[in-house]
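Engineer:
Residue numbers (the numbering used here): 33 to 191.
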């Protein structure tokens, strides 16, 4: 039996043909999935910029205030309460709403910026007893000027 007859017999076998069809489709889907993953990694690496600001940084509170000012439609908020007692005994209480930990989208100077505020539950700052936090800004493009602008606005705002 020559090899061509053997292949012809396998081609006419419906079970064998269906198996190769499934293997072919599965292989094509696996290659497409891996290609999409590699494409997304390359896109993030070359066409997105990220700025991370840890809670220890001096600009952290300024940026939280900036986010509060610019995140008009944020529905997930945290409250920061401050009070001052005057010499007369009168207490003045102030509530500041800050974006809660999670993801927020902000439209700023013709760019969508994804703001992710994270809070680590296991890591605690030993000096203040507060959990470790960070804010990460992510924008499309390669121009870092948008982050300089955000930082400058955060410094100028009254706190």
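The beta carbon of each residue, even a glycine, is placed where N, CA and C say it ideally should be.
Is the segment 53–61 in contact with the segment 142–153, if contact means three or more CB pairs nearer than 8 Å?
Structural biologist: no
Engineer: Let me know the secondary structure DSSP gives residue 134 once reduced to three states.
Structural biologist: On the chain shown, position 102 is the one that residue 134 refers to. Three-state DSSP puts residue 134 in a strand.
Engineer: I need the straight-line Cα distance from residue 61 to residue 77, nearest angstrom please.
Structural biologist: Position 29 of the chain shown, counted from the first residue, corresponds to residue 61. Position 45 of the chain shown, counted from the first residue, corresponds to residue 77. Distance between the alpha carbons of residue 61 and residue 77: 24 Å.
Engineer: Would residue 126 and residue 110 qualify as a contact pair, given that the criterion is a beta-carbon distance under 8 Å?
Structural biologist: To locate residue 126, count along the chain shown from 1; it is residue 94. To locate residue 110, count along the chain shown from 1; it is residue 78. No, the Cβ-Cβ distance between residue 126 and residue 110 is not below 8 Å.
Engineer: For residue 167 versus residue 92, is the C-beta spacing smaller than 8 Å?
Structural biologist: Here residue 167 refers to the residue found at position 135 of the chain shown. Here residue 92 refers to the residue found at position 60 of the chain shown. Yes, they are a contact pair.
Engineer: Counting along the chain, where does the alpha helix (DSSP H) carrying residue 97 start and finish?
Structural biologist: Counted from its first residue, the chain shown places residue 97 at position 65. Taken as a continuous stretch (DSSP letters only), the alpha helix (DSSP H) holding residue 97 covers 92–102.
Engineer: Got a sec? Which residues, its chain only, sit under 7 Å from residue 176 by beta carbon, not counting five neighbours each side?
Structural biologist: Taking the first residue of the chain shown as position 1, residue 176 is located at position 144. Excluding sequence neighbours, residue 176 sits near 81.
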